[in-house]
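Student: Quick one: structure below, then a few questions.
There are 2 protein chains.
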Amino acid sequence: MKATINDVAKQAGVSIKTVSRVINNEPSVRKATQEKVLLAVTALNYKPNLSARNLAGTKSFSIGYVYCNPNAYYVIDTQEGILTACKEQGFELFIHPCDAKKEHITDEVITMVKQARVAGLVLTPPFSEMPDFVNAMLALDVKVVRIMSGDEAPDQLTPCIMVNDRDAAYTITQHLIDVGHQRIAFLAGDAEHMSTIERYKGYRKALKDNNIEFNQELVIEGEYSFDSGVDAVKILMAPEKDIHPSAIFSCNDEIAAGALFAARLMNISIPEQLAISGFENSPFSRQAWPKLTTANQPNRKIAENAANLLISQVRNQKANNALTKLYTPELIVRDSTTSI
Amino acid sequence: MKATINDVAKQAGVSIKTVSRVINNEPSVRKATQEKVLLAVTALNYKPNLSARNLAGTKSFSIGYVYCNPNAYYVIDTQEGILTACKEQGFELFIHPCDAKKEHITDEVITMVKQARVAGLVLTPPFSEMPDFVNAMLALDVKVVRIMSGDEAPDQLTPCIMVNDRDAAYTITQHLIDVGHQRIAFLAGDAEHMSTIERYKGYRKALKDNNIEFNQELVIEGEYSFDSGVDAVKILMAPEKDIHPSAIFSCNDEIAAGALFAARLMNISIPEQLAISGFENSPFSRQAWPKLTTANQPNRKIAENAANLLISQVRNQKANNALTKLYTPELIVRDSTTSI
DNA sequence: TTAACGATTGACAGCGCTGTCATTATTTAA
DNA sequence: TTAAATAATGACAGCGCTGTCAATCGTTAA
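Protein chains in written order, with my numbering: chain A, 23 to 362; chain B, 23 to 362.
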């Protein structure tokens, strides 16, 4: 049968409370005692019972991941990263897929948080970018860690894991320029997403730093979808248009895939007549043909990092809300921007 | 504060044990008493505490979903379906992504099952198609429900949710024939997946029923990937080949997308010169251009059904392992097989 | 050397629920 | 009508752990 705290206590020759102290890293345990206990823990392969802990203690050992994201690959990666951290730290994960645009979404999540007694929440866009939502969670005394786009935290509400989309976009744009392009179009994702805004900033900055004149006509508004890419290329490359871009910066791989597809349809050769870059390094980017130059975000690592941060907050109670960790996606050059 | 069983008991004027009986649907509770209790439950918005239940009882209120699937959309859909059932029934879900090909995968899952004390497991391919694995789980006295491909359960080990890929494939093939095709190629997915085998059977049967001679040359082995579709079309439509298919049955949308892409590259017009069908109704099929004719599997519904089945098994203890539910994916005709 | 102090440790109650078994209410048979 | 049988209910222990507080230990300062 599974070993309990009693078995460990007996084996180590101490009281159960001391075992409890050791496994919870509480102070006031002599070094020698700690070692005895740890030895017994290993010998019996003891793992504390989560239910008992949750029931007995005031603190909880569960965290939640609340998300609303059409990108299944992103969600899966993030889940796995969080799960890795949870396993390591003996925490439990409650996943809560939902619709961020639903009317009483905040109440719904509040109910779930109370019900599951989660001690903390990992938030990704769009939730991480909804201050009211975040505040509502904090008001419940739930710790929060946000993963979001930008190079510094927008506020001190919670620790943040920032994804530096701006610099990554700068790097991609610079790459496009380096391989000889001057007329670079920008295919935007959803305008309300921070990531679109940040990527746009990086694009603009790269143009500026290279003394390339910005041309509003080359910026096509859109959303994070395949169709958006298709439509944009149809507009940009329309025969009747006198000036065409020689390269396209797409806000994500899906848009890029659409752009690629439309270009093919129009008999535009990639990358000779038109270079196309993506963003995200999704399976999409490897399945496209030619393969897409893109930027890789290590979503699993980012999520694991976020979850570890969250768990240490939950553990220590004392939160360091100024804590920020920055990730910059890295350029992956593939065939869609360089001659094969 | 959250209401406990004590509050409900007080409010209803009964003992906590009676409340327990009511919420667990145990027999031997007078109708009137039950109603009193239920009223109090509603009034106080009482939800039993999972930790306490797990701790006190011999039965557990958690189930697990063990999976290894590169198709993120499938996984997400399945998760959501299971979650719906769990919420309704007051169960907790442990997700366990892992690598089915890892050496000690069975041991790994056994550890997780013991650790989390899950009472049951929802299994999808490939796990649902691994008899040794399933038996190992059953040996732990863990209930299992399998989602798998076929028209009847391969054994009586567990209840099964069968996805009738064969009939669906038959319907797709019949559709291809109906719109005038005779030379229909078959692009296989991974040969070891039951779904590939079943889809192949349906394809063969449709040909036979329509007195169309089967041609081995039109069957291309492959895997469930974009590249596989690309390669297949390059082979099938090679100019030097004297006979080309006029339609392609692809084992899933990803293969179909690859086929579509390759065909475009070769300046083959779709669907005029070549009709292409997919399978799965993934986002892929809607993003392709022209949109793919495909077969829709209601993965969320299937998973919800599986989870409900599992939970009722867990609840009743008595398992009806002969129980089988059959879903047949339905044909969705889009532009890739019918002139626009 | 000893009182006094802080550092360690343990005893014990109780988290919210279920399982067991005793008790009481109700029905049935005689 | 009453005893026996059955149905309905409740009292209580205890699941594995943590929080509280009291007991013990070692150490320092006088």
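Note that beta-carbon positions come from the ideal geometry of N, C-alpha and C, so glycine has one too.
Predicted, not measured: the structure shown is a model, and the values here were computed from it.
#1: Beta-carbon of B/L77 versus every beta-carbon of chain A: anything under 8 Å?
#2: For A/M216, does the three-state DSSP call read helix, strand or coil?
#3: Counting along the chain, where does the alpha helix (DSSP H) carrying B/R168 start and finish?
#4: A/E110 versus chain B: which residues are under 8 Å apart at the beta carbon?
#5: Look at the alpha carbon of B/A228 and the alpha carbon of B/A207, and state the distance between them as a whole number of angstroms.
#6: So what does DSSP say about B/L332, is it helix, strand or coil?
#7: Is A/S272 close to chain B, meaning its C-beta is less than 8 Å from at least one C-beta of that chain?
#8: Going straight from the alpha carbon of B/F283 to that of B/W311, what length do you get?
#9: Beta carbons nearer than 9 Å to chain B: which residues of the segment 38-49 of chain A have them?
#10: Run through DSSP, which three-state label would B/M184 get?
#11: I want to see whether chain A comes within less than 8 Å of B/V135, judged by CB atoms only; does it?
#12: Is B/H118 helix, strand or coil by DSSP?
#13: Given a limit of 7 Å on CB to CB distance, which residues of the segment 83-96 of chain B reach chain A?
#14: Check each residue of the segment 65-76 of chain A: if its Cβ is closer than 9 Å to any Cβ of chain B, include it; give the result in chain order.
#15: Kindly indicate which three-state DSSP category B/A297 falls into: helix, strand or coil?
#16: Relative to the alpha-carbon of B/I298, which residue among B/P49, B/K313 and B/K165 has its alpha-carbon at the smallest distance?
#17: Under 8 Å, with one C-beta from each stretch per pair, do the segment 54-73 of chain A and the segment 29-37 of chain A reach the 3-pair mark?
#18: The beta strand (DSSP E) spanning B/V144 covers which residue range?
#19: Looking at A/L77: is its Cβ nearer than 8 Å to the Cβ of B/L77?
#20: Classify B/V36 as helix, strand or coil using the three-state DSSP reduction.
#21: List the DSSP bridge partners of B/L353.
#22: Of all the alpha helix (DSSP H) runs that stay within the bounds of the segment 49-102 of chain B, which reach a length of 4 or more residues?
#23: Could one say the Cβ of B/E102 lies closer than 8 Å to chain A's Cβ atoms, at least one of them?
#24: Considering just the uninterrupted stretch of the beta strand (DSSP E) at B/A269, what are its terminal residues?
#25: Are the beta-carbon atoms of B/L332 and B/I85 separated by less than 8 Å?
#26: Taking all protein chains shown into account, decide if B/P17 is buried (16 or more other Cβ within 10 angstroms of its Cβ) or exposed.
#27: So for B/T133, helix, strand or coil by DSSP?
#28: Given a threshold of 16 other Cβ atoms within 10 Å of its Cβ, counted over all protein chains shown, does A/F301 qualify as buried or as exposed?
#29: Buried or exposed for B/E326, going by 16 or more other Cβ atoms inside 10 Å?
#30: So the candidates are A/T195, A/F236, A/T218 and A/A138; which of them puts its Cα closest to the Cα of A/T315?
#31: Where A/A281 and B/V185 are concerned, what is the direct C-alpha to C-alpha distance, given to the nearest angstrom?
#32: Under the three-state reduction of DSSP, which class applies to B/E174: helix, strand or coil?
#33: Taking only three categories from DSSP, how would you classify B/L179?
#34: A/F283 lies in the alpha helix (DSSP H); which residues open and close that run?
#35: Give, in chain order, every unbroken run of the alpha helix (DSSP H) that is at least 4 residues long and sits entirely within the segment 189-256 of chain B.
#36: I think B/G244 touches B/L296, with their Cβ atoms under 8 Å apart; what is that distance to the nearest whole Å?
Tutor: Short version:
#1: If you number the second sequence from 1, residue 77 of chain B lands on position 55. Interface residue, yes.
#2: Translated into the one-based positions of the first sequence, residue 216 of chain A becomes position 194. Three-state DSSP puts A/M216 in a helix.
#3: Here residue 168 of chain B refers to the residue found at position 146 when the second sequence is read from its first residue. From DSSP, B/R168 is part of no alpha helix (DSSP H) but of the beta strand (DSSP E) over K165 to S171.
#4: The count along the first sequence starts at 1 and reaches residue 110 of chain A at position 88. The premise fails here: A/E110 is roughly 13 Å from chain B at the closest Cβ pair, so nothing lies under 8 Å.
#5: Here residue 228 of chain B refers to the residue found at position 206 of the second sequence. Here residue 207 of chain B refers to the residue found at position 185 of the second sequence. Whole-angstrom Cα-Cα distance: 13 Å.
#6: In the second sequence, the residue the question calls residue 332 of chain B occupies position 310. If DSSP states are grouped into helix, strand and coil, B/L332 belongs with the helices.
#7: On the first sequence, residue 272 of chain A is found 250 positions in, with the first residue counted as 1. Residue-level contact check: A/S272 does not touch chain B, since none of the beta carbons of chain B fall below 8 Å from its beta carbon.
#8: Taking the first residue of the second sequence as 1, we reach residue 283 of chain B at position 261. Taking the first residue of the second sequence as 1, we reach residue 311 of chain B at position 289. Those two C-alpha atoms are separated by around 9 Å.
#9: Of all residues in the segment 38-49 of chain A, none has a C-beta nearer than 9 Å to a C-beta of chain B.
#10: By 1-based counting over the second sequence, the position of residue 184 of chain B is 162. Looking at B/M184 - three-state DSSP - the assignment turns out to be strand.
#11: Position 113 of the second sequence, counting from 1, holds the residue named residue 135 of chain B. Chain A contact via Cβ: absent.
#12: In the second sequence, residue 118 of chain B corresponds to position 96, counting from 1. DSSP places B/H118 in the strand class (E or B) of the three-state scheme.
#13: Cβ contacts with chain A come from A94 and Y95.
#14: Close to chain B, meaning a Cβ-Cβ distance shorter than 9 Å, are the following residues of the segment 65-76 of chain A: K69, N71, L72, S73, A74, R75 and N76.
#15: By 1-based counting over the second sequence, the position of residue 297 of chain B is 275. Three-state result, B/A297: strand.
#16: The residue given as residue 298 of chain B occupies position 276 in the second sequence. Comparing Cα positions, the closest option is B/K313.
#17: As far as the Cβ criterion goes, the segment 54-73 of chain A touches the segment 29-37 of chain A, which means the pair count is three or higher.
#18: Within the second sequence, numbered from 1, the residue matching residue 144 of chain B stands at position 122. Annotation: the continuous beta strand (DSSP E) that includes B/V144 extends over G142 to L145.
#19: If you number the first sequence from 1, residue 77 of chain A lands on position 55. If you number the second sequence from 1, residue 77 of chain B lands on position 55. Yes, these two residues count as a Cβ contact at 8 Å.
#20: Here residue 36 of chain B is taken as the residue at index 14 of the second sequence, counted from 1. Here B/V36 sits in coil by DSSP.
#21: On the second sequence, position 331 is the one that residue 353 of chain B refers to. According to DSSP, which records beta bridges pairwise, B/L353 is partnered with B/A317.
#22: Correct list: 53-66 and 72-78.
#23: In the second sequence, counting from the first residue as 1, residue 102 of chain B sits at position 80. At least one CB atom of chain A sits nearer than 8 Å to the CB of B/E102.
#24: One-based indexing of the second sequence puts residue 269 of chain B at position 247. For B/A269, the uninterrupted beta strand (DSSP E) run begins and ends at A269 to S272, by DSSP.
#25: Your numbering for residue 332 of chain B matches position 310 in the second sequence. Your numbering for residue 85 of chain B matches position 63 in the second sequence. In this structure, B/I85 lies closer than 8 Å to B/L332 by Cβ.
#26: Nothing about residue 17 of chain B can be read from this structure; chain B reaches only from 23 to 362.
#27: Here residue 133 of chain B refers to the residue found at position 111 when the second sequence is read from its first residue. In the structure shown, B/T133 sits in a helix (DSSP, three-state: H, G or I).
#28: On the first sequence, position 279 is the one that residue 301 of chain A refers to. Per the 10 Å Cβ criterion, buried.
#29: One-based indexing of the second sequence puts residue 326 of chain B at position 304. Burial state of B/E326 is buried, judged by a 10 Å Cβ sphere holding 16 or more other Cβ atoms.
#30: Start at 1 with the first residue of the first sequence, and residue 315 of chain A comes out as number 293. Nearest C-alpha to A/T315: A/T195.
#31: In the first sequence, counting from the first residue as 1, residue 281 of chain A sits at position 259. In the second sequence, counting from the first residue as 1, residue 185 of chain B sits at position 163. In this structure, the straight-line span from the alpha carbon of A/A281 to that of B/V185 is close to 36 Å.
#32: Counting from one through the second sequence, the residue named residue 174 of chain B turns up at place 152. In this structure, B/E174 counts as coil in the three-state DSSP scheme.
#33: Numbered from its first residue, the second sequence carries residue 179 of chain B at position 157. Looking at B/L179 - three-state DSSP - the assignment turns out to be coil, as it is neither helix nor strand.
#34: Working through the first sequence from its first residue, we reach residue 283 of chain A at position 261. Counting along the chain, the alpha helix (DSSP H) containing A/F283 begins and ends at D275 to L287.
#35: The qualifying runs are 216-231.
#36: Locating residue 244 of chain B in the second sequence gives position 222, where the first residue counts as 1. Locating residue 296 of chain B in the second sequence gives position 274, where the first residue counts as 1. 17 Å between Cβ atoms; not a contact.
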